[in-house]
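Our numbering puts the first residue of the sequence shown at 843, with every later residue one more than the last. All C-beta atoms in this analysis are idealised placements derived from N, C-alpha and C, irrespective of residue type, glycine included. Note that the structure is predicted; figures quoted are calculated from it, not measured. Worksheet for the structure shown next.
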Amino acid sequence: MTESAADRTALRKRALAKVSARLMPFIFVMYLVNYLDRTALGIANVNGMSEELSLTATAFGLASGIFFIGYIILEVPSSVITQRIGARRWLARIAISWGIVASLTAFVPSFEWLLFARFMLGVAEAGFAPAILLYLTMWFSNSERPKAFSLYLLGIPISSVLAGPLASWLIVAGEGVFGLTGWRFMTLATGLPAIVLGVIAFFYLTDRPQDATWLTEPEKAAVLADIDAATPPEAREHHGGILSSLKSGRVWIMGFAYLGVVYGLYAIGFFAPSIISGFAEQFGTTFSTLQNGFLLAIPYAFAAAALILWPRHAAKKGEIGWHVLVSTIVGAAGILVAALIDNPWYIMIGVTLCAVGVISSMPLVYSLPARILPAATVGTGLALVNTIGNVGGFAGPYVTGWLTDLSGSTVVPFVVLACLLISAGIISVSVQTVTRRRNGEITTSSAP
């Protein structure tokens, strides 16, 4: 009996639904905990760490950004290991080691030891993002990846929504527990879930559709056929090996686009707590530690909604580059509002718009290089994009802190941030246009 088109469509939808239900909640939780461990430092900074370790804004920016030095050095080698041994084992190793280092950061006695701990956290986490992204490319086609990437990256705004209230509560409740100050107890507590998740990942994740005992044989075939059908001609004909992805000019250029986005993500992520806690001095507000935590959650709640809706709209329209540009314009406009208008309501609106623009653009920036590289090289290509982008992860907090100390305000560093965001959007539109020309597609695009 011949299978009809309707039967094939129903089988595809059923298989993709099973894949999403099995993998995406766990991937989301892993990234949620990952991002929480990275950014809890900003909340610790304004709740005793800065005074205890005698940190200036520049010193705090350096401690925040040095994480990315170790991460950058080992990002591509880690991705190569992922492709050789499989994402399941490597992700388990990464999560367990980062959880150990994150928890031990609670016991640093000085600024110098804080720098060492943050550097080692980057070493431990190196390769996590490209390993996850490579893993998702093995399960989802080009047409499905923006949605899958957005669900994965949903961990950023959700962890940020949770981070403020949760970390603030841990700081208050943990004061004196085990003889630790509040910020130290919070740092210890937020690192432990990663160890548990690493152990679970080893037994729970499946490397490839072919190995999935939880899919039927027709469902496995449907997942693989969906990936193959959505692979563009350029990716099919690309057989240069792993090094070829490192030679792709468009991959390098997208790395610089991602640098601008990541610069904004971490500049806001690490300094938003300082901005909100500074309302007391600027405007005479009287918010408690916990209330400041809830205020910090507001921008990321809106960003979470944008992260769900905007990539889906981009996937439907097929205009990935233009959607990145719109996101970065929104982010740039928001941060300029926050920098230039001296009013707490407008500052919160500006920070919220910046978070929405930056975070909604991230899965779209990732999806562009994934469209032009074959499965054999996409892991190292995404690792290269992530590596270049994470230079922005170091520069964002450090340069923002340095320029804030130098100028005495956040205006100059936030103008720099806005310029980088706009550049990222322009690059994305350009890469999409070049890719369409090479694939023989219609080159005239319209903004969404």
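Separation of the CB atoms of Asp1049 and Arg960 is rounded to 31 Å, and the pair is thereby denied contact status at 8 Å. With respect to the 8 Å criterion, Ser1010 and Ile885 are classified as neighbours on the basis of their beta carbons. Counting only runs that start and end inside the stretch 936-992, the alpha helix (DSSP H) elements of at least 4 residues fall at 953-967 and 970-979. Following the DSSP letters along the chain, one finds Phe1045 inside the alpha helix (DSSP H) bounded by residues Gly1024 to Tyr1046. With respect to Gly1106, Cys1196 sits close: the two C-beta atoms are nearer than 8 Å. The residues Val1207, Val1227 and Gly1231, in chain order, have a CB closer than 6 Å to that of Tyr1100 in the same chain once the five nearest residues on each side in sequence are set aside. Less than 8 Å divides the Cβ of Ala1225 from the Cβ of Val918. Sequence-distant partners of Met872 (beyond 5 residues in either direction) whose C-beta falls short of 6 Å from its own C-beta, in its chain, are Leu1039. Where Val1003 is concerned, the enclosing alpha helix (DSSP H) starts and stops at Gly997 to Ala1015.
Comparing alpha-carbon positions, the option among Ile1189, Gly1234 and Pro1205 lying closest to Ser992 turns out to be Pro1205.
Fewer than three pairs of CB atoms, one per stretch, sit closer than 8 Å, so the stretch 882-896 makes no contact with the stretch 1048-1067.
Here Thr1058 has no same chain residue with a Cβ atom under 7 Å from its own Cβ, once five neighbours each way along the sequence are excluded.
Counted as a single uninterrupted DSSP element, the alpha helix (DSSP H) harbouring Asn876 occupies residues Ala847 to Ala886. Cβ atoms of Ala1036 and Asp879 come within 8 Å of each other, at about 6 Å.
The alpha-carbon of Thr1229 is positioned some 8 Å away from that of Gly1097. In terms of Cβ geometry, Val1257 and Ala1181 form a close pair [threshold 8 Å]. The three-state secondary structure of Trp1056, taken from DSSP, is coil. The C-alpha of Ala1054 is placed about 54 Å away from the C-alpha of Asp1247.
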